[in-house]
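Working notes for the structure below.
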Amino acid sequence: MKKFTAILLTLILAASITACSGGNSSTDSSSETTESTNSSESSETTPQATETQPETEAPTEKKDIEKGDSGEGEKTLESVFCNVTIPEGLKYKVYFYSYDETPLGTLQIDFGKKDTTEGRLEVSTTRMIKSLDDAAEECIRVRNIESYKEGKYEIGEEVTYGNTTYKEVKMSHEYGSEACLVSYYKRADGKDIYVEIRTKINGLTNLEITDPLVEELAKSAVYK
132 MKKFTAILLT LILAASITAC SGGNSSTDSS SETTESTNSS ESSETTPQAT ETQPETEAPT
192 EKKDIEKGDS GEGEKTLESV FCNVTIPEGL KYKVYFYSYD ETPLGTLQID FGKKDTTEGR
252 LEVSTTRMIK SLDDAAEECI RVRNIESYKE GKYEIGEEVT YGNTTYKEVK MSHEYGSEAC
312 LVSYYKRADG KDIYVEIRTK INGLTNLEIT DPLVEELAKS AVYK
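Heads up, the sequence shown is in our numbering, so the first residue is 132 and it goes up one at a time.
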């Protein structure tokens, strides 16, 4: 009897241990399934950062000049009346620029090695000239040289820079002297262009009209 009771207790204990072991396995399997599901849902709902931001376009450089523009060469300036390249070694400032639809107007660009008061390029369609000789006479007329105590002038020979023929005009009086390269450009619309490139020698600004940088500027100018 005792032996039978012992065998029965052994069977009951074995059955109890087997039941507990099966319950833990089920729990672990359920936990793994839940984690797998959560991981899958997280992967599906997380947005992928694959979109790229649109590139910002670089600003385009302004070509047409305006009054007050300034800087240093080498720099090409474009306007209604002409295109001109300020060579490296010269500073510049657009002193005046005005025109209408006719077009009638004037462009004045100051330039110099030390500052922008040593020389000036002037291009104008408001002067009543019809030849290169007219341009030389106009250069002298506007300065009223004869009104100065020691005023005198000299018209030199023609000189060609690039595609443009200039005449050199030298003027002096008790306050200093000026030298100019003047030219005339005939336009198809009849609004002919007067051109003047001048430099001053007065003790404060001293830039020769024959300076290689001035000649380079005159050579680069394209009148239109």
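Even glycine gets a Cβ: it sits at the ideal position worked out from N, Cα and C.
{"Asked": "By alpha-carbon positions, which one of L252, R251, A266 ends up nearest to R258?", "Found": "A266"}
{"Asked": "Tell me which residues share the same chain as S121 and place their Cβ nearer than 8 Å to its Cβ, disregarding the 5 neighbours each side in the sequence.", "Found": "What is shown of the chain runs 132 to 355, which leaves residue 121 out entirely."}
{"Asked": "Using the rule of at least 16 other Cβ atoms within 10 Å of the residue's Cβ for burial, across every protein chain shown, is V353 buried or exposed?", "Found": "exposed"}
{"Asked": "Counting C-beta neighbours from all protein chains within 10 Å, is the total for A349 16 or more, i.e. buried, or is it exposed?", "Found": "buried"}
{"Asked": "What is the DSSP secondary structure of E249, counted as helix, strand or coil?", "Found": "coil"}
{"Asked": "Taking all protein chains shown into account, decide if A319 is buried (16 or more other Cβ within 10 angstroms of its Cβ) or exposed.", "Found": "exposed"}
{"Asked": "What did DSSP end up calling E288 once you bin it into helix, strand or coil?", "Found": "strand"}
{"Asked": "Cα-Cα, which of K355, E253, L338 is closest to G243?", "Found": "L338"}
{"Asked": "Counting only the same chain and skipping the five closest in sequence on each side, list residues whose C-beta sits under 6 Å from that of G287.", "Found": "E299"}
{"Asked": "When you compare only the Cα positions, how much space is there between D323 and I260?", "Found": "7 Å"}
{"Asked": "In three-state terms, what does DSSP make of K322?", "Found": "coil"}
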